[in-house]
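Everything below concerns the one structure shown next.
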Amino acid sequence: MSLITPDFGLFFWMAVVFLCVLAILWKAGFPVIIKMVNERKEYIDNSLRKAQEATERLANIEKEGEAILQEAREKNAQLIKEAKQTHDAIVAKAEDDARESANKLLADAKAQIEAEKAAAIREIRSQVAELSVQIAEKVVRQNLSDDKSQMQLIDRLLDEVSVEK
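The sequence shown begins at 1 in the numbering used here and counts up by one.
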């Protein structure tokens, strides 16, 4: 017997055993192996599909996030613009109110000054009238025959009035 070339009997029985094992594997083993390979292929395909869907969802979420950020930026800019407009309106109203108050105070002060001026003029007129009456009364009481004595009397009366006031 040679180690390199087997006998025909050994070769025959080895072929029969091989064909039996192959038949058993063909009937029982290969369908299970093929089923397991197909299940594994389906699992991998499903995992790839789910990964693709997750990638697409992530891209959509990123787009939505950017859209939300952009919208928030626009709302922020709008709020800032509205706040600035409100601020400007309040400042303008306050300035108008201040001008109006200042004008009113100025008008009131002018009216008061005019009233005091008119009162002072009335008082001066009444004093002048009173002085005139007093001078006339004193002139009439005294019998004055010449201009010189009248002038002396007027000067003396004016000095008296100046001293009294």
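Glycine is no exception: its CB is placed at the ideal position from the N, C-alpha and C atoms.
Report the CB separation of L157 from I135 in whole angstroms; it is logged as a contact under 8 Å. For the purposes of this step, residue 157 is taken as residue 157 along the sequence shown, with counting starting at 1. For the purposes of this step, residue 135 is taken as residue 135 along the sequence shown, with counting starting at 1. 5 Å between Cβ atoms; contact.
In the structure shown, what three-state DSSP assignment does D45 receive? In the sequence shown, counting from the first residue as 1, residue 45 sits at position 45. Looking at D45 - three-state DSSP - the assignment turns out to be helix.
Measuring only the C-alpha atoms, how far is R57 from K50? In the sequence shown, residue 57 corresponds to position 57, counting from 1. In the sequence shown, residue 50 corresponds to position 50, counting from 1. Whole-angstrom Cα-Cα distance: 10 Å.
Give the range of the alpha helix (DSSP H) segment to which G9 is assigned. Sequence index remark: in the sequence shown, residue 9 carries index 9 (1-based). Element bounds for G9: 8–24.
In whole angstroms, what separates the C-alpha of E39 from that of F8? As a first step, residue 39 is located in the sequence shown; it is residue number 39 there, counting from the start. As a first step, residue 8 is located in the sequence shown; it is residue number 8 there, counting from the start. C-alpha separation (whole angstroms): 43 Å.
Quick one: residues in its chain with C-beta nearer than 8 Å to the C-beta of P6, no 5 flanking neighbours on either side, listed in chain order? Counting from one through the sequence shown, the residue named residue 6 turns up at place 6. If you ignore the 5 residues before and after P6, its C-beta comes within less than 8 Å of the C-beta of M14, all in its own chain and listed in chain order.
To the nearest angstrom, how far is the alpha carbon of R122 from that of A94? Here residue 122 refers to the residue found at position 122 when the sequence shown is read from its first residue. Here residue 94 refers to the residue found at position 94 when the sequence shown is read from its first residue. Approximately 41 Å between the Cα atoms of the pair.
Can you check whether the CB of V91 is closer than 9 Å to the CB of L131? Counting from one through the sequence shown, the residue named residue 131 turns up at place 131. Counting from one through the sequence shown, the residue named residue 91 turns up at place 91. The answer is no: Cβ separation not under 9 Å.
Would you identify the three-state DSSP class for D97, choosing helix, strand or coil? Locating residue 97 in the sequence shown gives position 97, counting from the first residue. Helix, per DSSP.
Using the three-state DSSP reduction, which class does I135 fall into: helix, strand or coil? Walking along the sequence shown from the start, residue 135 turns up at place 135. Helix.
Can you tell me the Cα-Cα spacing of S47 and P31, whole angstroms? If you number the sequence shown from 1, residue 47 lands on position 47. If you number the sequence shown from 1, residue 31 lands on position 31. C-alpha separation (whole angstroms): 24 Å.
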